[in-house]
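K.L.:
Right, I'll just put the structure down here and ask away after.
Chains as they are written, first to last, in my numbering: chain A, 345 to 680; chain B, 345 to 680.
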């Protein structure tokens, strides 16, 4: 029996928000795996803000996705055929296999994961890239000390929610910035953030002033734009600003809004440092162990927001940029 | 005989470039020093870009100058009367005694300097705050390694020229950005910079691309604005951006221009860190010794641009913002 693959391919480079016409949804037969190859049935596709950057034809930390290529994405799947001695049928694998239902691989970049002990979704979420990003970005770049005031934007997102919880574990005062009462309630009541700011309902600068009477020691930024500026204006001495992302700017058609308050770095002898999780690959294992232990102890909670059906990819991706997800946004691939 | 003091006092808070009407030039008799006081005849007044910030009524690293107060400034002077056992008549002293011809002090903040071995001007220049700023900003924040490409803006200014020369001593490739052929010629031909960029005659971004084929490892920024953005766009991996000043922005009437290319920090895992020389006060001695040794060995040159006559203060200050000085700008106080 020949399987049919479904794939989202990049049809055009978007200007601003990706449109339906920027994608081509293709169907093609899945060929048999060749020598050394495995065939993977993809179960979950990770939806990440960084994907928007990969769609631009611009030099960055990774090559752009080529026009006509399957859209790059993190994935969890199951091996359904194998000519590779490292992988057996039934193995679960983590990889960057793209927005498609099936993928062939020679095994490069595939990691076997334990599908028995924890839900598979966690490997794309708190035990995966978002969790690693939060862990290394906060601990290695932000360097929080007990008693520090840690502010995180995009706080109800996959990275932000973990940043805030780790900061709490490290005995910091944690302030989360998110959009809407539901997300803010989740951060305060479920995750135990010390204070929350609803940027859709409050003036962020004034609210930060109130929530951070001694200034901000660590600001973990996922959003850029006006919220970054508001945080810069309220830094404490020797503050550390972690630049993890700038989701408010990714769909700009004009230039990125630069942080007008950057001279606060000078006044406060503060630093602003960019981070990319890939630099910490050699230590993922260490972070994974600690994150899993915190989860097992009930000190760290993970939340996933799952959209079902690969055909929903274009609209699911937009949920990120509209701020409609709480926790890690995933696409679940279902089959007839 | 009663001496007459002449003083520049802040009459109004300027909008944009300081105007003559923002100053009040006052004359008043100098009173006798009281118990514990010294009377200092001021010889040189330091003119610094930071003075513009002190004129604003805005929280910063130091309190604003009050309306009606003598303008704050670094000074070198000579003790002409003393009721303080720590200072004798004839001693030369470094302090922050302001834009005036004479000053009384209880000795707080005054440092006795050696007026015999080196020209007094150097204590406001390469052996003073600008030299210390260059030394600690480059070495402690920029952390250049041999072979690194170091770019400095405001390169013909009091700080920039020292930054570039220290970077050369540390075996870096040094690129200076300055305005005009005369300054660029000085940097290249006299100070031995590896490359110079005349921002008034060249497109800085393209010129940086040519002068820094492997990207910028350390960018020491004195100017902000478009030049900071051009440098950010050309950072090498793990680059360090030192924010020392932003002279292009100090007379803005609108908001500061934020660096639109700040996401280059993320792409290149780079950092941008503000510095203030005062934080290194405990180590000035160490820096002074090393800077003086480099000068004695002919490896470090100092240049001062001296305007004669305290009454020239308002126009002399503007020279900084118009980029008319080469080297450290000083005001020499003369007496009838």
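Every residue, glycine too, gets a C-beta built ideally from N, C-alpha and C.
In chain order, what residues of the segment 613 to 642 of chain A put their CB closer than 7 Å to some CB of chain B?
P.N.:
Residues passing the 7 Å Cβ filter: 613, 614, 615, 616, 617, 618, 619, 620, 623.
K.L.:
Give me the DSSP bridge partner(s) of residue 582 (chain B).
P.N.:
Mapped onto the second chain, residue 582 (chain B) falls at position 238. None, per the DSSP bridge assignment.
K.L.:
Unbroken alpha helix (DSSP H) runs of length 4 or more, entirely within the segment 510 to 551 of chain A: which are they?
P.N.:
Qualifying alpha helix (DSSP H) stretches, in chain order: 525 to 529.
K.L.:
What does residue 740 (chain B) pair with, by DSSP beta-bridge criteria?
P.N.:
This structure leaves residue 740 (chain B) out entirely; chain B is present only between 345 and 680.
K.L.:
Select from the segment 386 to 406 of chain B all residues with a C-beta closer than 7 Å to any C-beta belonging to chain A, and list them in chain order.
P.N.:
So the list reads 404, 405, given in the order they occur along the chain.
K.L.:
If contact is defined by three or more beta carbon pairs under 8 Å, each pair taking one atom from either stretch, is the segment 507 to 519 of chain B in contact with the segment 467 to 484 of chain B?
P.N.:
The segment 467 to 484 of chain B vs the segment 507 to 519 of chain B: in contact.
K.L.:
Per DSSP, what are the beta-bridge partners of residue 469 (chain A) in this structure?
P.N.:
Here the question's residue 469 (chain A) lines up with position 125 in the first chain. The partner list for residue 469 (chain A) (beta bridge, DSSP) is empty, contrary to what the question assumes.
K.L.:
Report the rounded CA-to-CA distance for residue 664 (chain A) versus residue 524 (chain A), giving the unit in angstroms.
P.N.:
Against the first chain, residue 664 (chain A) aligns to sequence position 320. Against the first chain, residue 524 (chain A) aligns to sequence position 180. Computed Cα separation, rounded: 14 Å.
K.L.:
Based on the DSSP secondary-structure assignment, which residues constitute the bridge partners of residue 627 (chain B)?
P.N.:
For this step, residue 627 (chain B) is matched to residue 283 along the second chain. Its beta-bridge partners do not exist; DSSP assigns none.
K.L.:
For residue 496 (chain A), I'd like the list of residues in its chain whose CB is within less than 6 Å of its CB, leaving aside the five on either flank, ordered along the chain.
P.N.:
Position 152 of the first chain holds residue 496 (chain A). These residues qualify, in order along the chain: 504, 507, 508, 520, 564.
K.L.:
Just to make sure I have the definition right: I need the residues of chain B whose C-beta is within less than 8 Å of the C-beta of residue 602 (chain A). Which are they?
P.N.:
On the first chain, residue 602 (chain A) is found 258 positions in, with the first residue counted as 1. Ordered by position in chain B, the residues that pass the 8 Å Cβ test against residue 602 (chain A) are 573, 601, 602, 603, 604, 605, 606.
K.L.:
Considering only the beta carbon of each residue, do residue 434 (chain B) and residue 453 (chain B) sit closer than 8 Å?
P.N.:
The count along the second chain starts at 1 and reaches residue 434 (chain B) at position 90. The count along the second chain starts at 1 and reaches residue 453 (chain B) at position 109. No.
K.L.:
I need the straight-line Cα distance from residue 384 (chain B) to residue 545 (chain A), nearest angstrom please.
P.N.:
Within the second chain, residue 384 (chain B) is the residue found at index 40, counting from 1. Within the first chain, residue 545 (chain A) is the residue found at index 201, counting from 1. Going from the Cα of residue 384 (chain B) to the Cα of residue 545 (chain A) covers about 58 Å.
K.L.:
For a contact defined as C-beta to C-beta under 8 Å, what are the partners of residue 609 (chain B) on chain A?
P.N.:
In the second chain, counting from the first residue as 1, residue 609 (chain B) sits at position 265. Result: 587, 616, 617, 618.
K.L.:
Let me know the secondary structure DSSP gives residue 357 (chain B) once reduced to three states.
P.N.:
Here residue 357 (chain B) corresponds to residue number 13 of the second chain, with the count starting at 1. Here residue 357 (chain B) sits in coil by DSSP.
K.L.:
Check the Cβ-Cβ distances between residue 590 (chain B) and every residue of chain A, and say whether any is below 8 Å.
P.N.:
Residue mapping note: residue 590 (chain B) aligns to position 246 of the second chain, counting from 1. Interface residue, yes.
K.L.:
Which same chain residues, not among the five before or five after residue 542 (chain B), have their C-beta less than 6 Å away from its C-beta?
P.N.:
Locating residue 542 (chain B) in the second chain gives position 198, counting from the first residue. Hits under 6 Å: 528.
K.L.:
Tell me residue 497 (chain A)'s beta-bridge partners as DSSP assigns them.
P.N.:
Along the first chain, one-based indexing puts residue 497 (chain A) at 153. Residue 497 (chain A) pairs with A:521.
K.L.:
For residue 348 (chain A), count the other beta carbons within 10 Å of its own beta carbon; 16 or more makes it buried, fewer makes it exposed. Which is it?
P.N.:
Here residue 348 (chain A) is taken as the residue at index 4 of the first chain, counted from 1. Classification of residue 348 (chain A): exposed, given that the 10 Å Cβ count is below 16.
K.L.:
Which of the three DSSP states, helix, strand or coil, is assigned to residue 563 (chain A)?
P.N.:
As a first step, residue 563 (chain A) must be located in the first chain, where it is residue number 219. Correct three-state label for residue 563 (chain A): strand.
K.L.:
Any idea what DSSP makes of residue 592 (chain A), helix, strand or coil?
P.N.:
Against the first chain, residue 592 (chain A) aligns to sequence position 248. It is helical.
K.L.:
Does the ligand ZN have even one heavy atom less than 7 Å from the beta-carbon of residue 467 (chain A)?
P.N.:
Within the structure as shown, the ligand ZN is missing, as the structure has no ligands at all.
K.L.:
Nearest-angstrom Cα distance between residue 417 (chain B) and residue 656 (chain B)?
P.N.:
Along the second chain, one-based indexing puts residue 417 (chain B) at 73. Along the second chain, one-based indexing puts residue 656 (chain B) at 312. C-alpha separation (whole angstroms): 15 Å.
K.L.:
Look up residue 557 (chain A) in the DSSP assignment and give the residues it is bridged to.
P.N.:
Walking along the first chain from the start, residue 557 (chain A) turns up at place 213. Paired residue(s): none; residue 557 (chain A) is not in a bridge.
K.L.:
Quick check: the Cα distance between residue 443 (chain B) and residue 360 (chain B), rounded to an integer number of angstroms?
P.N.:
Looking up residue 443 (chain B) in the second chain gives position 99. Looking up residue 360 (chain B) in the second chain gives position 16. Taking the straight line from one Cα to the other gives about 21 Å.
K.L.:
In angstroms, rounded to a whole number, what distance separates the CA positions of residue 389 (chain A) and residue 401 (chain A)?
P.N.:
Translated into positions along the first chain, residue 389 (chain A) becomes position 45. Translated into positions along the first chain, residue 401 (chain A) becomes position 57. If you take the alpha carbons of residue 389 (chain A) and residue 401 (chain A), they lie about 23 Å apart.
K.L.:
Measure the alpha-carbon distance for residue 478 (chain B) versus residue 666 (chain B) and round it to whole angstroms.
P.N.:
By one-based count along the second chain, residue 478 (chain B) stands at place 134. By one-based count along the second chain, residue 666 (chain B) stands at place 322. One C-alpha to the other measures close to 21 Å.
K.L.:
State the DSSP-derived secondary structure class of residue 613 (chain B), mapped to helix, strand or coil.
P.N.:
Here residue 613 (chain B) is taken as the residue at index 269 of the second chain, counted from 1. Looking at residue 613 (chain B) - three-state DSSP - the assignment turns out to be coil, as it is neither helix nor strand.
K.L.:
Report the rounded CA-to-CA distance for residue 643 (chain B) versus residue 513 (chain B), giving the unit in angstroms.
P.N.:
Mapped onto the second chain, residue 643 (chain B) falls at position 299. Mapped onto the second chain, residue 513 (chain B) falls at position 169. C-alpha separation (whole angstroms): 7 Å.
K.L.:
How long is the line joining the alpha carbons of residue 673 (chain B) and residue 426 (chain B), rounded to whole angstroms?
P.N.:
As a first step, residue 673 (chain B) is located in the second chain; it is residue number 329 there, counting from the start. As a first step, residue 426 (chain B) is located in the second chain; it is residue number 82 there, counting from the start. When rounded, the distance between both Cα atoms is 30 Å.
K.L.:
Could you tell me the boundaries of the beta strand (DSSP E) in which residue 569 (chain A) lies?
P.N.:
Numbered from 1 along the first chain, position 225 holds the residue referred to as residue 569 (chain A). Premise fails: residue 569 (chain A) lies in the alpha helix (DSSP H), 569 to 576, not in any beta strand (DSSP E).
K.L.:
Got a sec? Which residues, its chain only, sit under 8 Å from residue 487 (chain A) by beta carbon, not counting five neighbours each side?
P.N.:
Here residue 487 (chain A) is taken as the residue at index 143 of the first chain, counted from 1. Same-chain partners within the cutoff: 562, 584.
K.L.:
Taking one C-beta from the segment 366 to 380 of chain B and one from the segment 362 to 372 of chain A each time, how about it: are there three or more such pairs within less than 8 Å?
P.N.:
As far as the Cβ criterion goes, the segment 366 to 380 of chain B does not touch the segment 362 to 372 of chain A, which means the pair count is below three.
K.L.:
Quick check on DSSP: helix, strand or coil for residue 369 (chain B)?
P.N.:
Taking the first residue of the second chain as 1, we reach residue 369 (chain B) at position 25. Of the three classes helix, strand and coil, the one that applies to residue 369 (chain B) here is strand, per DSSP.
K.L.:
Closest to residue 446 (chain B) by CA distance: which of B:455, B:419, B:463, B:464 is it?
P.N.:
Start at 1 with the first residue of the second chain, and residue 446 (chain B) comes out as number 102. Nearest C-alpha to residue 446 (chain B): B:419.
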